[in-house]
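Worksheet for the structure shown next.
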Amino acid sequence: SHKTQPTTKNNTSPPTTTTMKPSQEGRIDEEGAAKLTKDDIEKVFSLYDRDNNGSIENEELRGFLKDLLELVKKDYDAQDLNEFEETILRGVGYDKEGKISRKELTMILLALAKQPPEDEQ
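Numbered per our numbering, the sequence shown spans residues -17 to 103.
Here you go:
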């Protein structure tokens, strides 16, 4: 299997104009979250971790997940976002202040990325 791809893609934020680029993104729907890399997660996380303490607030999670979804799935809808958020919230542990650590979030997201989406069998 071709799971171990070198992450040598340009680390600029993805342009929002590329709706269809068959060469790179032809299989975006089948793979979904599988396209997420640790770098993607950490890059988006750092945008939300305003005080740089390695965790984000519960209420920032939705925006964070929305940005991540945009990276991997251009045509997601509100239901996708809700399901994504519920899955994360089931797996994640909050600390006393109701924050989620980057380490924990990254672990969950990478675990998810290895599983095929349920509705695509």
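A virtual CB, placed ideally from N, CA and C, is assigned to each residue, including glycine.
For the beta strand (DSSP E) holding Lys81, just list the boundary residues, first then last.
Lys81 to Ser83 is the extent of the beta strand (DSSP E) around Lys81.
Would you give the residue range spanned by the alpha helix (DSSP H) that Asp21 belongs to?
Lys20 to Tyr30
Compute the Euclidean distance between the alpha carbons of Asp21 and Arg84, then round it to the nearest angstrom.
12 Å
In angstroms with no decimal places, state the Cα-to-Cα distance between Asp77 and Glu86.
11 Å
Could you tell me if Thr(-1) is buried or exposed, where buried requires 16 or more neighbouring beta carbons within 10 angstroms of its beta carbon?
For Thr(-1), the predicted model reports a pLDDT of 47, less than 50, meaning its position is unreliable; a value from the coordinates is still stated below. Label assigned to Thr(-1): exposed.
Applying the criterion that 16 or more other CB atoms from any shown protein chain within 10 Å of the CB defines a buried residue, is Gln6 buried or exposed?
Here Gln6 scores only 42 on pLDDT, less than 50, and its place in the model is too uncertain to base an answer on.
Could you tell me how far apart the beta carbons of Glu67 and Leu47 are, in whole angstroms, since I believe they sit closer than 8 Å?
6 Å
With a threshold of 6 Å on Cβ separation, who are the neighbours of Tyr58 within its own chain once the five nearest residues in sequence on each side are excluded?
Leu51
Is Ile38 near Ile82, with beta carbons less than 8 Å apart?
Contact: yes.
Flag this pair as yes or no: are the beta carbons of Leu18 and Leu53 separated by less than 8 Å?
yes
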